[in-house]
Each structure stands twice: as C-alpha cells, then as structure tokens.
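Numbering (this note's numbering), first residue to last: 71 to 344.
Think of the CB as a built atom: it goes at the ideal place given N, C-alpha and C, for glycine as much as any other residue.
Given the structure is predicted, the values throughout are model-derived calculations rather than measurements.
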C-alpha cells in the first residue's frame, strides 16, 4: 500500500514538473494565435484566444524569416558535420593512445568550453574583420571551437569501450588503420556519435550572440537573430515574435522527440563503465 502511494506521488511530481517545464512553450504557442488586441490587457491572462487567427504567421512569412531559417540550417549542418568528424578522430586517439598527462589533456579540453561567450566574442570578431570573414558561413568555425570540447568528451568513453581485440583482428586481416576506424570502430560508437551530433546541431541552431556579432548582414542573418529584428520604429511585434519562436522551436522539438531513445542511449552507454 505504501509503495502504491509512493508511486502515485512520484508520478504526480513528475507530471507537475513536466507541466512547469512545458508551460512557457505552451503559452507562447497559444499566444501566437491571438490577435494583437488580445495579447495585452485582461485578455493576455487567458490561455485560449477568443478569436484565433493566423495573421501573425502570415505576417512572419512575409519577412525574411525563411532565408534566416535556411542560414541557420546551413550553418548548423556544416558545424555538425565538421565537429563530428574532428571529434571522432580526436576522441579515438585519446581513448586508444597511451601517453602522459592524458587526464590533464582531457581536463584542458573541457576547460576551454567553460569560457563565457562574452569573453571570446571580442577577439573572434577582430579576427573575422581582419580576415574579411564577417557576414559569411565562416561563422561555423567559432561554433566548432565552442562545441568541439563537449563532443570530444562524450565520444572518448564510447571509443574506449570498443574492444581492442576487434581492431587487432582487422589489422591481422590486412585492414589499414583508417579502414579499421571507418568500418569497425565508428559503427560501434554510433550511439555516442549520434548524440554528440544532435547536441551540436541544437546548440548551433539556438545560438544568438556570435551570430548577432559576426553576421549582421540580413543575407546571412540566422533565425535567432532575425527574431530580435521583428520590431517597428516604436513597437515590438509580439505576435510575430511568438510565431517565430514557435517556428524556430519546432525543428529541435521534432529532433528530440524522434531520436530521444538514441540520445538517451548515447548518453547513458557512454556514462557507464563496463
């Protein structure tokens, strides 16, 4: 009886926690369907709109949001591919090679991801200006620098769990190191690779500060920055802002829902030592 009560209490707490977490997105989604007159005043406290409308979405897609979404997709995809490849090679080398100060190296790699963006954005901007790389897809390079340490950390454990005997058997059969890595090692570490790739993509997709600083041109503006420009001379178009927030969140929401098992598997399998 006591166990049943504990189970019900646990489920209730979990449901309440999930509702608290999801409430901001639910509120923004419902607000995006309210006419401008209902966003403010007493009507703002109502969850559902009295007169639901799609006017904010219609107005949003008349702006340059589609181009901004395309830029976000391109930049996030380039960064994800680049980081996944580099992190895979680096992680495999750290996991397999025996050398002094290995733990220190891993600690230093992780430490580089702890610097606040506010500290590094200035030097990065000056470098980009000198090289003429502002307003371009070269922004993928600093994004890679920021997301690479975490990806390496995730993958080290996964590569370390692959049995050395499998590599030795491949070498005996005449396979080269590159072929062994690509054909045997990487497929066995797919859960970790998949997880790090998704985390990299979502992180870059949601990034704001670097994009605002380096890509000020409307042609290369990302979706997160485009939302901040949804304003007139004397007002902010909150209806369009909420609609844009929903549109921007949907891709990452779909990715997490579709691949939640792979993400959890990648994180937990890499966290447990056998």
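With 16 as the cutoff for other CB atoms within 10 Å, does residue 181 come out buried or exposed?
Per the 10 Å Cβ criterion, exposed.
Let me know if residue 269 comes out buried or exposed under the rule of 16 or more other beta-carbons within 10 Å of its beta-carbon.
So residue 269 ends up on the buried side.
Inter-residue spacing [alpha-carbon to alpha-carbon] between residue 183 and residue 194
Approximately 15 Å, taken between the alpha carbons.
When DSSP builds the beta bridges, which residues end up paired with residue 166?
Partner(s): none; residue 166 has no beta bridge.
For residue 129 and residue 300, I'd like the C-alpha separation in whole angstroms.
Using only the alpha carbons, I get a separation of about 10 Å.
For residue 301, which residues does DSSP report across the bridge?
Partner(s): 306.
What's the C-alpha gap between residue 331 and residue 82?
Between the C-alpha atoms of residue 331 and residue 82 there is a straight-line separation of about 23 Å.
Consult DSSP for residue 122 and reduce its assignment to one of helix, strand or coil.
In the three-state reduction of the DSSP assignment, residue 122 falls in the coil class, being assigned neither a helical nor a strand state.
Take the Cβ of residue 77 as the centre, count every other Cβ of all protein chains shown within 10 Å, and call the residue buried at 16 or more, exposed below.
Classification for residue 77: exposed.
By the DSSP assignment, the alpha helix (DSSP H) with residue 247 in it spans what residues?
Segment 247-250, the alpha helix (DSSP H) holding residue 247.
Host alpha helix (DSSP H) of residue 112 (start-end)
Residue 112: not part of any alpha helix (DSSP H); DSSP gives it neither H nor E.
From residue 163 to residue 157, what distance separates their C-alpha atoms?
Rounded to the nearest angstrom, the two C-alpha atoms are 10 Å apart.
Which residues bound the alpha helix (DSSP H) around residue 232?
That residue, residue 232, is in no alpha helix (DSSP H); it is neither H nor E in DSSP.
Suppose the cutoff is 6 Å on Cβ atoms and the five residues either side in sequence are ignored; what does the same chain contact list for residue 149 look like?
Correct list, in chain order: 210, 213, 214 and 274.
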